[in-house]
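Asker: Sharing a structure below in structure tokens format, with a few things to ask.
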Amino acid sequence: MSLRLGLNIDHIATLRQGRYARDPQSILVEPGPVEAALEAERAGADGITAHLREDRRHIQDHDVFQLKERLTTKLNFEMGNAPEIVEIALQLIPHDVCLVPENRNEITTEGGLDCVTHRVALESTIGQLHDAGIIVSLFIDPDPEQIRTAAELSAEFIELHTGTFAGATGETRRAELQRLVEGARIAHQLGLRINAGHGLNYSNTRELFAVPHLVELNIGHAIISRALRVGLVAAVSEMKALCEEYPAA
Ligand code: PXP
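Going by numbering that gives the first Met the number 0, the sequence shown opens with residue 0, and the numbers climb by one from there.
Printed below as a string of structure tokens:
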């Protein structure tokens, strides 16, 4: 099976909130993240990711419930491990949940989840999500200890944080890529399935194909940025075509 593409639609909601956060009932409200998600599915996206942050800075509660109802692929619900959001996940029952670290002052998710430090709290949340039939992914750095802990916590997936690789140059970049390769090997041996995301774009994604065993890439900013120039359908189709170059296992 070819590498799957998940589109992160948070940035579309950011644009909407920039104008309509105080007047969500306005008849002018746009752009709609749900409509964009449906268009992206028609263009070949294999799933849609939305992050309901505690501060509700972009995606809103009604967005995720509409996505759940209207998507024909799957909803990957990205969330921090906060009781209020866990409660929403248990009402929503998305196809999968990706647990991420969340810090109110960050512009976007920074770094992977520390599942070694937060093991006890994660154990309880993962248990609740599993009991509800939700597949769990942990967004972590390619660190062997984090990967082993993710396996011990019975997560089905990890999402390898590619942001450090994407933002690095020269020797650091080669070392980061190697860390991702090694991390994917360890995760695969432990029976974990492997996604990757953060900072991926039309030029660095092919380089990431050195990482084995990838199931899905989650990409937001680069696709939405490109969509401003070529439209969402073309932006998604181009990235999907790139994903199809990923070497078969
Ligand atoms: N995966 C995770 C877990 C993320 O938090 C994000 C950013 O919200 C992404 C993927 C997508 O990152 P980008 O917008 O840089 O493509």
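Think of the CB as a built atom: it goes at the ideal place given N, C-alpha and C, for glycine as much as any other residue. A quick note: this is a predicted structure, and the numbers were derived from the prediction, not measured.
Could you check what DSSP says for residue 208 in three-state terms: helix, strand or coil?
Answerer: Reduced to three states, the DSSP call for residue 208 is coil.
Asker: Looking only at its own chain, which residues have a Cβ that is under 8 angstroms from the Cβ of residue 218, when we skip the five neighbours before and after it?
Answerer: If we look at residue 218 and ignore the five residues flanking it on each side, its Cβ neighbours are 4, 5, 6, 7, 196, 199, 200, 204, 238.
Asker: Tell me whether residue 96 is buried or exposed, calling it buried when 16 or more other Cβ atoms sit within 10 Å of its Cβ.
Answerer: Result: buried.
Asker: Counting C-beta neighbours from all protein chains within 10 Å, is the total for residue 143 16 or more, i.e. buried, or is it exposed?
Answerer: With fewer than 16 other Cβ atoms within 10 Å, it is exposed.
Asker: Is residue 189 near the ligand PXP, judged by its Cβ being under 7 angstroms from some heavy atom?
Answerer: Because no heavy atom of the ligand PXP lies under 7 angstroms away, the Cβ of residue 189 does not count as near it: no.
Asker: List the residues that DSSP assigns as beta-bridge partners of residue 194.
Answerer: Residue 194 pairs with 158, 215.
Asker: Is it right to say residue 25 is buried, meaning 16 or more other beta carbons lie within 10 angstroms of its own, or is it exposed?
Answerer: Exposed, since its Cβ has fewer than 16 Cβ neighbours within 10 Å.
Asker: Quick check: what's the CA-CA separation for residue 30 versus residue 73?
Answerer: Straight-line Cα distance between these residues: approximately 21 angstroms.
Asker: State the Cα-Cα distance for the pair residue 67 and residue 33, rounded to the nearest angstrom.
Answerer: Going by the C-alpha atoms only, they are around 10 angstroms apart.
Asker: Quick one: what does DSSP say residue 56 is sitting in, helix, strand or coil?
Answerer: Coil, per DSSP.
Asker: So, under 8 angstroms CB-CB, residue 130 and residue 160 are touching, yes? Tell me the CB distance rounded to an integer number of Å.
Answerer: That belief does not hold up - the Cβ atoms of residue 130 and residue 160 are roughly 27 angstroms apart, past 8 angstroms.
Asker: What did DSSP end up calling residue 49 once you bin it into helix, strand or coil?
Answerer: Residue state, collapsed to three classes: strand.
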